[in-house]
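Sequential numbering of the sequence shown, starting at 74, is according to the numbering used here. Glycine residues also receive a C-beta, built at the ideal position from the N, C-alpha and C atoms. Remember, it's a predicted structure, so these values are computed and weren't measured experimentally. Step one of this worksheet: look at the structure below.
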Amino acid sequence: MDSPLLSVDRLATLLGAGPAPVVLDVRWELAGGARRDLYEQGHIPGGRFIDLEAELAGPPGRGGRHPLPAPQDFTAAMRRAGVSPRRPVVVYDAGPATAAARAWWLLRYFGHPAVTVLNGGLAVWVKSGRGLEPGSPPDGPEGDFTAVPGGMPVLDADRAAELAVSGVLLDARASERFRGESEPVDPVAGHIPGARSRPTTLNVDGSGRFRAADQLHAEFRHLGVDDRIAVGAYCGSGISAAHQVLALELAGYRAALYPGSWSEWITDPQRPVATGG
Numbered sequence: 074m075d076s077p078l079l080s081v082d083r084l085a086t087l088l089g090a091g092p093a094p095v096v097l098d099v100r101w102e103l104a105g106g107a108r109r110d111l112y113e114q115g116h117i118p119g120g121r122f123i124d125l126e127a128e129l130a131g132p133p134g135r136g137g138r139h140p141l142p143a144p145q146d147f148t149a150a151m152r153r154a155g156v157s158p159r160r161p162v163v164v165y166d167a168g169p170a171t172a173a174a175r176a177w178w179l180l181r182y183f184g185h186p187a188v189t190v191l192n193g194g195l196a197v198w199v200k201s202g203r204g205l206e207p208g209s210p211p212d213g214p215e216g217d218f219t220a221v222p223g224g225m226p227v228l229d230a231d232r233a234a235e236l237a238v239s240g241v242l243l244d245a246r247a248s249e250r251f252r253g254e255s256e257p258v259d260p261v262a263g264h265i266p267g268a269r270s271r272p273t274t275l276n277v278d279g280s281g282r283f284r285a286a287d288q289l290h291a292e293f294r295h296l297g298v299d300d301r302i303a304v305g306a307y308c309g310s311g312i313s314a315a316h317q318v319l320a321l322e323l324a325g326y327r328a329a330l331y332p333g334s335w336s337e338w339i340t341d342p343q344r345p346v347a348t349g350g
């Protein structure tokens, strides 16, 4: 299996050799939203900015805070960015790949055959001594990518509840949110009954790079992940859960994503809520 990660050295080589991959800058923060301002200050040369909330999610509602975008909307956004199925795509964010993993997962889900995440993101690119490009690059040729759903496994609320009992359902949020001790975003605190806590902060090291595959494999095995049972991930709204799916893939496991995640789960007051460890 080809790795879903790309090193900064490899990206620099690809950008210099041509034809270059499509590079997408997906800097975003939970509190501040899309960081186009940081992109304008400086980005990897040739990179195109992608607004996570406007282009990598549908309108918030009963489907959660960041439901999946409609295929036609995702098609239009990716074509504007020059994405083609015949050209590799590299996605990055400020560092730990929380937002970049969402773009990686969506492109895979909608059928792009060659998507990688820049390991360590912009922080590692800059630390390596490589330069940035300010402003926005001139518009290039429009891409011809067409979004076709189904390339990655997904869960709805009912299937997530079943998986928490019959398999392994990992909660990617901070531990205190899982336990219900703190909930800074959603109106209800707690977790899906039977889910197991695995904050995505454990997937990366201090530089924002993903930990080694064998270490991730051992840690997920400790949580009960096994080749013989189904595994899935959720978070607050389907963003950091994509990071969990990426880490699981690095560890050798194919995992399903619950796109609506906790923010959808709690829209139905009949769904149970668990607290504690």
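Residue i versus residue j: straight-line alpha-carbon distance, rounded
i: D307; j: R203; result: Looking at the sequence provided, one finds Tyr at residue 307 rather than Asp. About 35 Å.
i: G208; j: L296; result: 45 Å
i: R269; j: V277; result: 19 Å
i: L243; j: V304; result: 8 Å
i: A262; j: V346; result: 8 Å
i: L323; j: G134; result: 32 Å
i: L191; j: L84; result: 8 Å
i: D124; j: G131; result: 12 Å
i: I339; j: P257; result: 15 Å
i: G136; j: R344; result: 14 Å
i: K200; j: V238; result: 44 Å
i: M225; j: L179; result: 8 Å
i: R160; j: L129; result: 20 Å
i: R271; j: T189; result: 23 Å
i: A167; j: L97; result: 12 Å
i: P342; j: H264; result: 13 Å
i: P332; j: Q288; result: 26 Å
i: S334; j: V221; result: 22 Å
i: R152; j: D212; result: 11 Å
i: W101; j: P260; result: 22 Å
i: P144; j: V241; result: 29 Å
i: G120; j: R109; result: 12 Å
i: A230; j: E337; result: 8 Å
i: D75; j: L103; result: 30 Å
i: R284; j: P210; result: 33 Å
Residue closest to residue i, alpha-carbon to alpha-carbon, out of the options
i: F147; options: F251, W177 and R160; result: W177
i: R138; options: D244, T348 and G311; result: G311
i: V163; options: G193, G136, R135 and Q145; result: G193
i: A354; options: G325, G309, L330 and I302; result: Past the boundaries of the shown model lies residue 354; the chain is included only from 74 to 350, so the question cannot be answered.
i: G106; options: A127, D217, R153 and V227; result: A127
i: V227; options: Q288, R181 and V298; result: R181
i: A174; options: H290, G267, T348 and L79; result: L79
i: L236; options: I302, E292, G281 and G224; result: I302
i: F183; options: D166, P158, F122 and Y165; result: P158
i: V81; options: S248, P140, I117 and A230; result: I117
i: G325; options: A291, G350 and Q145; result: A291
i: F218; options: R232, V95, R284 and L275; result: V95
Status (buried if at least 16 other CB within 10 Å, exposed otherwise) for residue i
i: Q317; result: buried
i: R73; result: Given that the chain is displayed from residue 74 to residue 350, the structure contains no residue 73 and the question cannot be resolved.
i: V197; result: buried
i: E113; result: exposed
i: A216; result: Note that residue 216 is Gly in the sequence shown here, rather than Ala. Under this definition G216 is a buried residue.
i: R294; result: exposed
i: G279; result: exposed
i: R327; result: exposed
i: P186; result: exposed
Presumed contact (8 Å Cβ cut-off) between residue i and residue j, rounded CB distance
i: A172; j: V99; result: 4 Å
i: P77; j: L319; result: 6 Å
i: G155; j: P214; result: 6 Å
i: T348; j: G253; result: 3 Å
i: L195; j: Y165; result: 6 Å
i: S313; j: T273; result: 5 Å
Let me know the alpha helix (DSSP H) ranges lying completely inside the segment 264-344, each 4 residues or longer, listed in chain order. 286-295, 313-323 and 334-338
For a minimum of 4 consecutive residues, which ranges assigned as the alpha helix (DSSP H) are wholly contained in the segment 127-193? Every unbroken stretch of the alpha helix (DSSP H) spanning 4 or more residues and falling wholly within the segment 127-193 is given here in chain order: 144-153 and 171-182.
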